[in-house]
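>
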DNA sequence: GATATGCGTTGTACTATACAACTACCTCTG
DNA sequence: CAGAGGTAGTTGTATAGTACAACGCATATC
């Protein structure tokens, strides 16, 4: 096995290790919003509203999964639906005031945790690490 | 927000995006062994056998979760239990011949997928990316 | 020996997820 | 403009992974 293979192996193992832990870690950090619902709510906030179908397409989730996630977020009062007047099949989803507030809190606490984890990294390393992750994920999207 | 914060934000987003996809991707790639069971089986192989409790501690899983995962792997004939003659509470778990075989196949196919994804990276980048991931995960383990 | 502790299993419950069937709505085509 | 076919979203059903709590044994300690 070449050095190149060693690196690939390490990347594989470490990405896997991270993935295994991520959900539980997220749940521990902020029980009010799971990793998935956080992600969806953040997307809504970011996009200033979008359709359930868009969420499903973007995150490679089944529409039924999104439907239930959104239903849960709505029940919590974090999301509201606005039927599109142009097309009555469509509901445009928006974070509510409350949802945006909770999202901001969770985002802040996540950012804090990440910042602590990365506190002793110097700026160039952070920069390169971020770039590598972007590149890696882009490749994954491209190749499935 | 500083440039440093931007990088932290990107790392957070990209790690999260990756984590969300990892299970489903793994399931699609090799339905015969989920991400979790793959990980556990690989650990057994690597350690030349260990106890369920050790797996639980190492992967931060509840012992009941490990117990059921192992039961499933045993049912598939991928793992065997050997009661420790020194301590009859303990079962030392080992991959079977068949289990080792399947593990090798899955590992090979995972490696292939990762290799493809990383095919156009030059060796220095792979090296650095691997090092960053190790460093990041180590920090996560230290800080919860 | 009585009580502690440690290992593993089982009962129960919850979350995330997929697939398939369905309803309601829209669009296009003859 | 009527019907065919497509799209958005919901609901029924099933599965996997997970946790927590209660338990059964085995061992260790006092």
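Protein chains in written order, with the working numbering: chain A, -10 to 133; chain B, -10 to 133. Beta carbons: idealized from backbone N, C-alpha and C, even for Gly.
(1) Can you pull the chain A residues whose beta carbon is under 7 Å from the beta carbon of residue 36 of chain B, in chain order?
(2) Check residue 79 of chain B in the structure and name its three-state DSSP category.
(3) Determine the extent of the beta strand (DSSP E) in which residue 69 of chain B is found, giving its start and end residues.
(4) Contact between the region 53 to 64 of chain A and the region 94 to 111 of chain A is defined here as three or more beta-carbon pairs at a separation below 8 Å; is this criterion met?
(5) So with Cβ pairs under 7 Å, would you call residue 58 of chain B a contact of chain A?
(6) Quick one: which chain B residues come within Cβ less than 8 Å of residue 118 of chain A?
(7) Is it the case that the region 8 to 20 of chain B contacts the region 75 to 84 of chain B, given that we only count it when at least three CB pairs across the two stretches are under 8 Å?
(8) Contact criterion: CB-CB distance below 7 Å. Does residue 21 of chain A meet it with respect to chain B?
(9) Per the DSSP calculation, residue 84 of chain A is bridged to which residue(s)?
(10) Please decide whether residue 93 of chain A counts as near chain B, where near means a Cβ-Cβ distance under 7 Å.
(11) Quick check: the Cα distance between residue 72 of chain B and residue 3 of chain B, rounded to an integer number of angstroms?
(12) Since residue 43 of chain A meets chain B, which of its residues come closer than 8 Å, beta carbon to beta carbon?
(13) Tell me, please, which residues DSSP counts as bridged to residue 10 of chain A.
With the given structure in hand:
(1) Taking the first residue of the second chain as 1, we reach residue 36 of chain B at position 47. Result: empty, since nearest Cβ-Cβ is about 14 Å, beyond 7 Å.
(2) Taking the first residue of the second chain as 1, we reach residue 79 of chain B at position 90. DSSP places residue 79 of chain B in coil when its eight states are reduced to three.
(3) Taking the first residue of the second chain as position 1, residue 69 of chain B is located at position 80. Residue 69 of chain B -> beta strand (DSSP E) spans 68 to 72.
(4) no
(5) Your numbering for residue 58 of chain B matches position 69 in the second chain. No - not a single Cβ of chain A is within 7 Å of the one on residue 58 of chain B.
(6) Mapped onto the first chain, residue 118 of chain A falls at position 129. Simply -4, 0, 118, 121, 125.
(7) no
(8) Here residue 21 of chain A refers to the residue found at position 32 of the first chain. Judged by the 7 Å Cβ criterion, residue 21 of chain A is not in contact with chain B.
(9) Reading the first chain from its first residue, position 95 is the one you call residue 84 of chain A. Residue 84 of chain A pairs with A:68.
(10) Here residue 93 of chain A corresponds to residue number 104 of the first chain, with the count starting at 1. So no, residue 93 of chain A is outside the interface.
(11) Sequence index remark: in the second chain, residue 72 of chain B carries index 83 (1-based). Sequence index remark: in the second chain, residue 3 of chain B carries index 14 (1-based). Their Cα atoms are separated by approximately 43 Å.
(12) The residue you call residue 43 of chain A lines up with position 54 of the first chain. Result: empty, since nearest Cβ-Cβ is about 16 Å, beyond 8 Å.
(13) For this step, residue 10 of chain A is matched to residue 21 along the first chain. None, per the DSSP bridge assignment.
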